[in-house]
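See structure below.
Protein chains in written order, with our numbering: chain A, 182 to 469; chain B, 7 to 241.
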């Protein structure tokens, strides 16, 4: 019994990390209807960018998140403004192909600069600290920090969309970019903010993932797959749906792993397929 | 205030406007009438910056606006309630109105003054804009247009899909709107309504202006000739 409770808790905490991978992808799709194939590779880039201040300035990885988030926001803004905006239009394939190209370039570029070795970010004893609940249950301090951060950022992003001026502009542009233009909203700028925001959020996920395990220039596609599955399970374009989808994916992987080391990822894929089959719009779809 | 000279507009190979001349002075309400596909909506879109125009064709407050994009045109004081209302469906009524103010022009139109103009909207301000009745949606569209505190408000097909009683309700707001010196261009299918509310009327046919004048100076025969392209038998 306690073993299952433990599995469930670890799954939920893992799901929190997946939510950090997935929310940026959800925003990109929700606002621009673009599936960013390079999402995972940009996340890996963020982890490598954090590596520099951590190794050269002995900065704590948590602290290194701050400058890298700013840098990645600017990068996201620029990528959208200079490249993706040129491909926006009725043909959804054009932006997708562009991000596919960016993914290839990023992977090979990282390979060239950092070589194929796996790296990781170290946080010392915090990585193995845990909170004991009762005699048989222990919750890792780091996974808990990841989960709370993820929950907080999801709530903050959700508030940004519902309460702020830029959030209203993002939703209006997502609904109808042409009419938003009549209100003085420039879609090119709004889209760029959306991608900047997506990159900023995935940076947090990238650094946390780099602390939890290791990363290499080839880590991107697997991350993209988890993020994509979480977004589809939760329902395209819904932030809390994406969060819920991430938790479901995390729990499914945790339960699967209980049956054997190789079954964790497989169980996640099976849940994803089941949702696609029985409820293709996802569990909490915002738009039909 | 607004001068349009020899305006030409195309959708790809299809030419929608063939050299339209138009002018409007401060405080005037001008109605555009004409059959479907006559080019009225294209004309409004050209002014609003939703069509690519050549420079030098549209002047507003003695400034060239023909080559500007829509988000820049609205900052100069031209706003539009587009055809089919085009409310933002994931926004509430109040958020739709607030978006209207994003162009950053201050003036007398605020949430409060729009609610005073259309009291029915105040109770529904937290509802999704698309949950309202057609007439109330049109009020939101007009209110949203006013929120940018424009010098010129353009309303495309105000009465489309609305009952005559609701149309009358909406037009009763017009004297209140124009009391502030606001100019307006309305596209109106109902010729009687157009002649009643407007100071000046332009009739479009096949992308050209076929008739224009003050409502009192136009006869029914002239209008039907310009509207349908029928020959006036008595001449």
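Glycine residues also receive a C-beta, built at the ideal position from the N, C-alpha and C atoms.
DSSP-derived helix/strand/coil call for residue i
i                     : result
residue 241 (chain B) : Low per-residue confidence applies at residue 241 (chain B): pLDDT is 45, beneath 50, and the placement is therefore not dependable enough to give any value.
residue 63 (chain B)  : coil
residue 160 (chain B) : strand
residue 366 (chain A) : coil
residue 186 (chain A) : helix
residue 469 (chain A) : Confidence in residue 469 (chain A) is poor, its pLDDT being 37 and thus under 50, which makes the residue's placement too unreliable to answer from.
residue 30 (chain B)  : strand
residue 237 (chain A) : helix
residue 410 (chain A) : helix
residue 71 (chain B)  : coil
residue 166 (chain B) : coil
residue 219 (chain B) : strand
residue 374 (chain A) : helix
residue 396 (chain A) : strand
residue 319 (chain A) : strand
residue 215 (chain A) : coil
residue 457 (chain A) : helix
residue 44 (chain B)  : coil
residue 170 (chain A) : Residue 170 (chain A) cannot be examined here, being either before or after the span of chain A that is shown, 182 to 469.
residue 359 (chain A) : helix
residue 115 (chain B) : coil
residue 110 (chain B) : coil
residue 270 (chain A) : coil
residue 253 (chain A) : helix
residue 124 (chain B) : coil
Nearest-angstrom Cβ-Cβ length linking residue i and residue j, presumed shorter than 8 Å
i                     : j                     : result
residue 416 (chain A) : residue 193 (chain A) : Between residue 193 (chain A) and residue 416 (chain A) the Cβ distance is about 19 Å, and since that is not below 8 Å, they are no contact.
residue 36 (chain B)  : residue 206 (chain B) : 5 Å
residue 380 (chain A) : residue 256 (chain A) : 6 Å
residue 245 (chain A) : residue 228 (chain A) : Actually they are not in contact, since the Cβ atoms of residue 245 (chain A) and residue 228 (chain A) sit about 10 Å apart, beyond 8 Å.
residue 82 (chain B)  : residue 69 (chain B)  : 7 Å
residue 57 (chain B)  : residue 162 (chain B) : Incorrect: roughly 13 Å between the Cβ atoms, too far for contact.
residue 189 (chain B) : residue 80 (chain B)  : Not confirmed; about 15 Å, so no contact.
residue 412 (chain A) : residue 203 (chain A) : 5 Å
residue 357 (chain A) : residue 287 (chain A) : Actually they are not in contact, since the Cβ atoms of residue 357 (chain A) and residue 287 (chain A) sit about 32 Å apart, beyond 8 Å.
residue 10 (chain B)  : residue 63 (chain B)  : 6 Å
Exposed unless 16 or more other CB atoms sit within 10 angstroms - verdict on residue i
i                     : result
residue 107 (chain B) : buried
residue 424 (chain A) : buried
residue 240 (chain B) : Only weak support exists for where residue 240 (chain B) lies, its pLDDT of 48 falling under 50; the coordinates are left without a value.
residue 289 (chain A) : exposed
residue 398 (chain A) : buried
residue 427 (chain A) : buried
residue 1 (chain B)   : For chain B, the structure presents residues 7 to 241; residue 1 (chain B) sits outside this window and is missing.
residue 315 (chain A) : exposed
residue 296 (chain A) : exposed
residue 135 (chain B) : buried
residue 271 (chain A) : exposed
residue 12 (chain B)  : exposed
residue 115 (chain B) : buried
residue 160 (chain B) : buried
residue 469 (chain A) : Note on residue 469 (chain A): pLDDT 37, under 50, position unreliable in the model; no value is reported.
residue 46 (chain B)  : buried
residue 182 (chain A) : exposed
residue 17 (chain B)  : exposed
residue 156 (chain B) : buried
In DSSP terms, what residue i is bridged to
i                     : result
residue 206 (chain B) : B:36
residue 192 (chain B) : B:37, B:161
residue 98 (chain B)  : B:134
residue 228 (chain B) : Note: residue 228 (chain B) sits in no beta bridge, so no partner.
residue 296 (chain A) : Residue 296 (chain A) is not bridged to any residue.
residue 197 (chain B) : Answer is none; residue 197 (chain B) lacks a bridge partner.
residue 277 (chain A) : Partner(s): none; residue 277 (chain A) has no beta bridge.
residue 16 (chain B)  : B:21
residue 211 (chain B) : B:214
residue 86 (chain B)  : B:160
residue 9 (chain B)   : B:29, B:65
residue 311 (chain A) : A:321
Near the ligand FMN: residue i beta-carbon under 6 Å from a heavy atom
i                    : result
residue 35 (chain B) : As far as ligands go, the structure on display features none, and thus does not contain the ligand FMN.
* Compile a chain-ordered list of the residues in the segment 28-55 of chain B whose CB is closer than 7 Å to at least one CB of chain A. => 54
* **chain A contacts made by the segment 99-120 of chain B, where a contact means CB separation under 9 Å** => 101, 102, 104, 105, 106, 107, 108, 109, 110, 111
* **chain A contacts from the segment 202-215 of chain B (Cβ-Cβ distance under 7 Å)** => none
* Selection of the segment 358-387 of chain A by Cβ proximity to chain B, strictly under 7 Å -> For the segment 358-387 of chain A, which is checked against every Cβ of chain B, the residues closer than 7 Å are 359, 360, 362, 363, 364, 365, 366, 367.
* Contact list for the segment 332-361 of chain A against chain B, Cβ threshold 8 Å -> Under the 8 Å Cβ criterion, the segment 332-361 of chain A contributes 346, 349, 350, 352, 353, 355, 356, 357, 359, 360, 361.
* Asked: Given a limit of 8 Å on CB to CB distance, which residues of the segment 86-97 of chain B reach chain A?
  -> 86, 88, 92, 94, 95, 96, 97
* Asked: What residues in the segment 138-154 of chain B bring their beta carbon closer than 9 Å to a beta carbon of chain A?
  -> Within the segment 138-154 of chain B, the residues whose Cβ lies closer than 9 Å to some Cβ of chain A are 150, 151, 153, 154, listed in chain order.
* Please name the residues in the segment 64-81 of chain B whose beta-carbon is closer than 9 Å to at least one beta-carbon of chain A, in chain order. => Residues passing the 9 Å Cβ filter: 75, 76, 77, 78, 79, 80, 81.
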